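Here the numbering used here is used: the first residue of the sequence shown is 5, the next is one more, and so on.
Each remark here refers to the structure printed beneath this line.
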Amino acid sequence: MSTPADYGRARPGRNQGVIHDLGYRHYDGPRLGRAVITRALFVESAKGAYGLGRSARSKVMPMILLAAMCLPAIIIAIVTVVTKADAPSYTAYLLNTELLVMVYVAGQAPASVSRDLRFRVISLYFSRPIRRIDYVAAKYAAMAVALLVFMVLPLTILFAGALLAKLPIGDQVPNYLRSLAGAVLLALVLAGIGLVIAALTPRRGLGVAAVIAVLAMLAGVQAAVQAIADDQGRDTFAGYAGLISPFTIVDGVQSALLGADTVLPAQPPGIAGGLVFLLAALLIVAGTFGALLMRYRKVSI
5 MSTPADYGRA
15 RPGRNQGVIH
25 DLGYRHYDGP
35 RLGRAVITRA
45 LFVESAKGAY
55 GLGRSARSKV
65 MPMILLAAMC
75 LPAIIIAIVT
85 VVTKADAPSY
95 TAYLLNTELL
105 VMVYVAGQAP
115 ASVSRDLRFR
125 VISLYFSRPI
135 RRIDYVAAKY
145 AAMAVALLVF
155 MVLPLTILFA
165 GALLAKLPIG
175 DQVPNYLRSL
185 AGAVLLALVL
195 AGIGLVIAAL
205 TPRRGLGVAA
215 VIAVLAMLAG
225 VQAAVQAIAD
235 DQGRDTFAGY
245 AGLISPFTIV
255 DGVQSALLGA
265 DTVLPAQPPG
275 IAGGLVFLLA
285 ALLIVAGTFG
295 ALLMRYRKVS
305 I
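Here's what the structure looks like:
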C-alpha cells in the first residue's frame, strides 16, 4: 500500500492510482436495518415535540402549553377533593381546551417535518436503508404519541382527583377509559391533519399559521352551523354538523358509540350516526397518511 511519502514522489502526469491508508478502522458489526432506524427516528421525533434533546428555547413553548393544559385539571381535581363534588366530564375536557390543543399541533407539526424539508436533510435519511413509508410512519406515530401525552396527562389528573375524593370508582373508571379512547382517536386525527399541512411548506412559520388557521376555521364553522341548525329545530342536521371539525367528530364517536357525556347542543343520531362519525375519523387517518406518502414521493433527494 502506498504511503504519503510515495505519493509525494509520484511524477506529475503519470497515469497511476494511489491508495492512502488514513488509519480508520472498518466497521465489522451488525447492520441493524430499517426497523432500528425507523424506531430511532420515531423516538427522536417524539422527544423533539417537547424539546427534549434540543436547545432550551425549543422546550419553552411545548412545556408552557403542557402546563396550561394541566392547570385547569389540577384546579378541578383540588376542588373535587376538598368539596367532594361530582367529577367533571372527562370527555368534555378536550373540547373545552381545544384551543390549547390546536396551538400545540400548530407548533410541533411544522417542527417535526418542515425543517427536514427546509434544510434538505431528507437525502441523509434516505441514504440509509430506510424507505419513504418508514419516514412517514415514524413521524406520524411520533406526532400522535406526543399529542396523546399532551391530552392524557390532564385527564389522568382529573381521574386521580376523583379517586382521592373517593367518588364511586365504578363510575369513574368507565368514564376515564372512554376519554382515553377518544384521546387516542383525536391524537391520530390531529397528527395526520397537522403533518399534511406542515409538509406542504419548508417554512415553519407559514406551517404554524396554516395549521392553526385550518383547525380554528373548521371549529368555528362547525359551531356556527350546529348552533343555527339546533336553533331551527333541525336536530339530525345539527348532529351531523359535528363532522365538520375533528374535535366534534371524535366527540360524536364517544357520545354515540361509547355513551360518554357531551357539551355540544346536538350529537349523532343513534348508533348509525356514531358509526358514520367513526368512519369519518378513520378516513381522515388513512387519507392523511396516504397524502403524506404522496408528498414524500415527490420530494427530491
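Backbone N, C-alpha and C define an ideal beta-carbon position, used for all residues, glycine too.
On a predicted model such as this, the values are computed, not experimentally measured, just so you know.
| Check | Outcome |
| --- | --- |
| Endpoints, the alpha helix (DSSP H) within which P92 is located | Counting along the chain, P92 falls outside any alpha helix (DSSP H), and DSSP gives it neither H nor E. |
| Contact with chain D by P272, beta-carbon distance below 8 Å | As a matter of chain content, chain D is missing from the structure shown, which is built from one protein chain. |
| Check whether S183 and L222 have beta carbons under 8 Å apart | no |
| Pairwise C-alpha distance: Q176 and T84 | 13 Å |
| Identity of the residue in V215, V254 and L104 nearest L262 by Cα | V254 |
| L192, buried or exposed, once every other Cβ within 10 Å from all chains shown has been counted against 16 | buried |
| Closest by C-alpha distance to M155, when choosing among N100, D239 and G57 | N100 |
| I78 versus D32 - alpha carbon distance | 53 Å |
| T292 beta carbon less than 8 Å from that of M229 | A small fix is needed here, since residue 229 is Val in this sequence, not Met. The answer is no: Cβ separation not under 8 Å. |
| Cα-Cα separation between Y108 and S49, rounded to whole angstroms | 15 Å |
| Inter-residue Cα distance where the pair is V87 and A185 | A small fix is needed here, since residue 87 is Thr in this sequence, not Val. Distance between the alpha carbons of T87 and A185 is about 29 Å. |
| For S249, the three-state DSSP class (helix, strand or coil) | coil |
| Rounded straight-line distance, which links the Cα of P92 to that of I80 | 8 Å |
| Length at least 4, wholly inside the segment 47-96: the alpha helix (DSSP H) runs in chain order | 60-87 |
| Those runs of the beta strand (DSSP E) which lie wholly inside the segment 115-139 and span at least 3 residues | none |
| Any 3 or more C-beta pairs closer than 8 Å across the segment 127-143 and the segment 231-248 | no |
| Cβ-based burial, D90 [other Cβ within 10 Å; buried from 16] | exposed |
| Under the three-state DSSP convention, the category Q271 falls into | coil |
| Where L204 falls: helix, strand or coil (DSSP) | coil |
| Contact check, G196 vs Y144, beta carbons under 8 Å | yes |
| From R43, V105 and G294, residue whose alpha carbon lies closest to that of A203 | G294 |
| P206 beta carbon less than 8 Å from that of M73 | no |
| C-beta atoms of A150 and Y54 nearer than 8 Å | yes |
| Burial state of Q236 (16 or more Cβ within 10 Å) | exposed |
| CA-to-CA distance, G246 to A110, given in whole angstroms | 22 Å |
| Euclidean distance between Cα positions of Y300 and P178 | 41 Å |
| Collapsed DSSP secondary structure at K302 in the structure displayed | coil |
| L286 to Y28 span [Cα, whole Å] | 51 Å |
| Inter-residue spacing [alpha-carbon to alpha-carbon] between T266 and M67 | 28 Å |
| Nearest-angstrom Cβ-Cβ length linking R38 and R135, presumed shorter than 8 Å | 7 Å |
| Rounded separation between K51 and I126 - CA only | 19 Å |
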